[in-house]
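There are 2 protein chains.
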Amino acid sequence: MPRSAAQAVARRRELVNILARRQSLSIADAAGRFGVNGMTIRRDMKMLQDSGAVLRCYGGAVAAQRITFEFAFDERRRSRLAEKRRIGRAAAGLIGDGQTAFLDTGTTTLEVARAIVARGIACRIATSSLVIASELWGREQIELVLLGGQVRRGSPDLVGPGTELMLDKLSADFAFLGSEGLDVARGSFADDPLAAQVAGHMAANAKKTVVVADHSKLGKVGSVQYLPVGDMDVLVTDKAAPAEIVAALRRNKVKVVVV
Amino acid sequence: MPRSAAQAVARRRELVNILARRQSLSIADAAGRFGVNGMTIRRDMKMLQDSGAVLRCYGGAVAAQRITFEFAFDERRRSRLAEKRRIGRAAAGLIGDGQTAFLDTGTTTLEVARAIVARGIACRIATSSLVIASELWGREQIELVLLGGQVRRGSPDLVGPGTELMLDKLSADFAFLGSEGLDVARGSFADDPLAAQVAGHMAANAKKTVVVADHSKLGKVGSVQYLPVGDMDVLVTDKAAPAEIVAALRRNKVKVVVV
DNA sequence: TACGAACTGAACATAATATAACATTATGCC
DNA sequence: GGCATAATGTTATATTATGTTCAGTTCGTA
């Protein structure tokens, strides 16, 4: 029974704060401190570990060295995290040392970024997402380029003519693009026109265009199309993807990777 | 029964205020506090989330958290903080509502950014510093533009041809530039060539160039000059600035503000 | 190495909350 | 005053966070 003023997010923030001050925190201590069941803390810690804020260990958690953290994405990020992670790993496998990639905004592309770090690939990444930038900044093997532009209010992403100007001066081996809806007839959709423009320019300036989207996006349409099926080289999606859509895409010469 | 629209606006403002003071606010608490239905608060929170002021979560909302770039900058930031803060306040006083400013990298320019927020100036800011961007992101009255470019390893700043390309497409009323050394004969210095290039382009594309530097920088030279004294419109510095340097700058038509 | 205690994760139950659609009522404007 | 509009309330249905139990695992220790 969710308590009225429990505020799970606030509790998780406080957990991170406590862990920033002292080295470690036990489940029992945390549970007592917040007056909740240990299972709740365990679930919190799992989430916090997923977003890189803490490191779990038997009986509790210890502080992670990286403090960089963004809660705004938690809700979205939680949904289908496992699928997105698998998708991210598979997509990251496409890129090799010394290559260059564009990384679009979104939770799935964030997982691509993490997988690139985890695989230790030495490459150059140009991104329009400040969340991805904060994730990649300081990584030894990553040469990070941030596309300029206007910073959106709702989410920290770059959009607008400045972003597009810069994209048109760059070229990359891969563009990893998220999707808010993918239709066989009409291609891939973004959720707003500005973001669609950016994604379109990424695709135009990359040798290979890779769309990463979990199964929930397939067969849906979003608000603005940014990529026709003909310009899509690869789609990475998960096993729950509808077979007929996968087959139709393959007939259209899209390489579909199912993980 | 709709109360006046003014009341709704006031309520939302108050919700933001409450969340600025305490960590979280539950729907039930807020509804009781204002004597309205929970659904009304939910709708308020949705609006506030869309404008980036708060972050909704199950059962209520928490204060919007911004992305933070953690780095070794903190120690430098603390030195002469009081002077830098005064300098920042004075510099921010130059810019008015509706104007545009470039903000260079550095601890003093960070204080300019904070002072602009504190004064509630509604303006557009274009910056090459991710620290300043993370400070300004989500502020209601600030239109934030991030210059693109390569992200430096040591500190999260943008440099390189991409940054300069973008600067040359923009123009601003003011360029607020930091300094690592300021010599009357040779002008203002940066600590490395890439940063100097960026600062130089900012100055070139702004109507007024404002250098912000505490007294410890005056009379010193840095490694790379980016601005001759003839192109400097204003210097904001603190009271401990050597009188002869101030006088010499004024003879060169630089407006020197001492705080 | 073997033992017990502590911990974990999955699955389920449940209460609180969210959402969406519709109803209601003030308000501003002509 | 009457009408369109916007703000708010209401209700039914869908989600979500949390608690609970239990089988399996890990840890410290004898």
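Protein chains in written order, with the numbering used here: chain A, 1 to 259; chain B, 1001 to 1259. All C-beta atoms in this analysis are idealised placements derived from N, C-alpha and C, irrespective of residue type, glycine included. In this text, all values refer to a predicted model and were calculated from it rather than measured experimentally.
* **Per DSSP, the bridge partner or partners of I1125(B)** => DSSP, once it has assigned bridges, lists A1101(B), L1144(B) as partnering I1125(B).
Expressed to the nearest angstrom, what Euclidean distance is found between the alpha-carbon atoms of D44(A) and D183(A)? Linking D44(A) to D183(A) through their CA atoms gives a straight-line distance of about 36 Å.
Look at the Cβ atom of N205(A), then the Cβ atom of A172(A), and state whether they are nearer than 8 Å. Result yes, Cβ atoms of N205(A) and A172(A) sit closer than 8 Å.
message: Whole angstroms are fine: how far does the CA of E1111(B) sit from the CA of V1259(B)?
response: Roughly 14 Å between the two C-alpha positions.
Buried or exposed by the 16-neighbour rule on C-beta atoms within 10 Å, applied to M1039(B): Answer is exposed; the Cβ neighbour count stays below 16.
Where does A1172(B) sit, in a helix, a strand or coil, going by DSSP? Here DSSP, grouped into helix, strand and coil, assigns A1172(B) to strand.
Original post:
Which full runs of the alpha helix (DSSP H) of 4+ residues lie inside the segment 1173-1211 of chain B, going along the chain?
Top reply: Those alpha helix (DSSP H) runs which fall completely within the segment 1173-1211 of chain B and span 4+ residues are 1193-1204.
Answer with yes or no whether the minimum CB distance from K220(A) to chain B is below 8 Å.
-> Closer than 8 Å to the CB of K220(A) there is not a single CB belonging to chain B.
Checklist entry - For chain A, is any of its Cβ atoms less than 8 Å away from the one on R1021(B)? => result It does not; no Cβ of chain A falls within 8 Å.
- prompt: Does D1104(B) get closer than 8 Å to chain A when you measure Cβ to Cβ?
  reply: Output row for D1104(B): interface = no.
* In chain order, what residues of the same chain have a beta carbon less than 6 Å from the beta carbon of A1030(B), not counting five sequence neighbours either side? -> Counting only Cβ-Cβ distances below 6 Å, and skipping sequence neighbours, we find I1041.
Interface residues of chain A around R1153(B) at Cβ under 8 Å? Within chain A, the residues near R1153(B) are G138.
**Message:** Among the candidates R12(A), A61(A), L81(A), A28(A), whose CA atom is the shortest distance from the CA of H215(A)?
**Reply:** Measuring from the Cα of H215(A), the nearest candidate turns out to be L81(A).
Practice item. Figure out for me which residue from D231(A), R250(A), G187(A), S51(A) has the closest Cα to the Cα of G219(A). Key: Proximity to G219(A) across D231(A), R250(A), G187(A), S51(A) peaks at G187(A), based on C-alpha coordinates.
If we call anything under 8 Å between Cβ atoms a contact, is D1233(B) one with I1087(B)?
Their beta carbons are not under 8 Å apart, which means D1233(B) does not touch I1087(B) by this criterion.
> Looking only at its own chain, which residues have a Cβ that is under 8 Å from the Cβ of V1145(B), when we skip the five neighbours before and after it?
Replying inline: Taking V1145(B) as the centre and dropping the five residues before and after it, the same chain places the C-beta of R1124, I1125, A1126, T1127, L1170 closer than 8 Å to its C-beta, in chain order.
* To do: Using beta-carbon positions only, say whether L48(A) and V9(A) come within less than 8 Å of one another.
  => No, the Cβ-Cβ distance between L48(A) and V9(A) is not below 8 Å.
Requested in this report: Let me know the secondary structure DSSP gives D214(A) once reduced to three states.
Outcome: Of the three classes helix, strand and coil, the one that applies to D214(A) here is coil, per DSSP.
field: Coarse secondary structure for Q963(B), derived from DSSP in three states
entry: Coverage of chain B is limited to positions 1001 through 1259, which leaves residue 963(B) absent and any answer about it impossible.
Spatial distance of R1022(B) from R1250(B) (CA atoms): Rounded to the nearest angstrom, the two C-alpha atoms are 48 Å apart.
* **Near the ligand HEM: A243(A) beta-carbon under 7 Å from a heavy atom** => With respect to small molecules bound, the structure shown includes none, and the ligand HEM cannot be examined in it.
To which residues of the same chain is V117(A) closer than 6 Å at the C-beta, ignoring the five residues directly before and after it? Cβ-Cβ distances below 6 Å link V117(A) to R139 in the same chain, with the five nearest sequence neighbours on each side left out; the list follows chain order.
Does the distance from the C-beta atom of P176(A) to that of T109(A) stay below 8 Å?
-> Note on identity: in this sequence residue 176(A) is Phe, with Pro being the wrong assignment. Taking 8 Å as the Cβ cut-off, F176(A) and T109(A) qualify as a contacting pair.
Whole-angstrom distance between M202(A) and P1193(B), CA atom to CA atom: Per the coordinates, the alpha-carbon of P1193(B) lies some 30 Å from the alpha-carbon of M202(A).
Residues that DSSP places opposite L1158(B) in a beta bridge
Secondary-structure assignment with DSSP links L1158(B) through a beta bridge to V1151(B).
**Q.** R85(A) versus G1178(B) - alpha carbon distance
**A.** One C-alpha to the other measures close to 42 Å.
Check your understanding: List, in order along the chain, the chain A residues whose C-beta lies closer than 9 Å to that of A1133(B)?
Key -> In chain order: L130, V151, P156.
Determine the closest residue to K208(A) out of F102(A), L25(A), R33(A), V54(A), with distance taken between C-alpha atoms.
Of the residues F102(A), L25(A), R33(A), V54(A), the one whose Cα lies closest to the Cα of K208(A) is F102(A).
**Report entry** Extent of the continuous alpha helix (DSSP H) to which Q1049(B) belongs
**Finding:** Run containing Q1049(B): 1038-1050, per the alpha helix (DSSP H) assignment.
Notebook entry, point to check: From A91(A) to V1221(B), what does the alpha carbon distance come to, in whole angstroms?
Noted result: Annotation: A91(A) to V1221(B) spans about 49 Å, alpha carbon to alpha carbon.
- Taking the C-alpha atoms as reference points, what is the distance between L1158(B) and G154(A)? In this model, L1158(B) and G154(A) are separated by some 23 Å (Cα to Cα).
Rounded to the nearest angstrom, how far is the Cβ of A1115(B) from that of L1136(B), given a contact under 8 Å? About 12 Å separates the beta carbon of A1115(B) from that of L1136(B), a gap too long to meet the 8 Å contact definition.
- prompt: Over what stretch of residues does the beta strand (DSSP E) that includes G60(A) continue unbroken?
  reply: Run containing G60(A): 60-63, per the beta strand (DSSP E) assignment.
#### Entry: Which of helix, strand or coil DSSP assigns to K1255(B)
Looking at K1255(B) - three-state DSSP - the assignment turns out to be strand.
Got a sec? Which residues, its chain only, sit under 7 Å from D1231(B) by beta carbon, not counting five neighbours each side?
The residues are A1203, T1209.
If you compare alpha carbons, which of S1024(B), G1096(B), K1046(B) is closest to R1012(B)? With distances taken between CA atoms, R1012(B) lies nearest to K1046(B) out of S1024(B), G1096(B), K1046(B).
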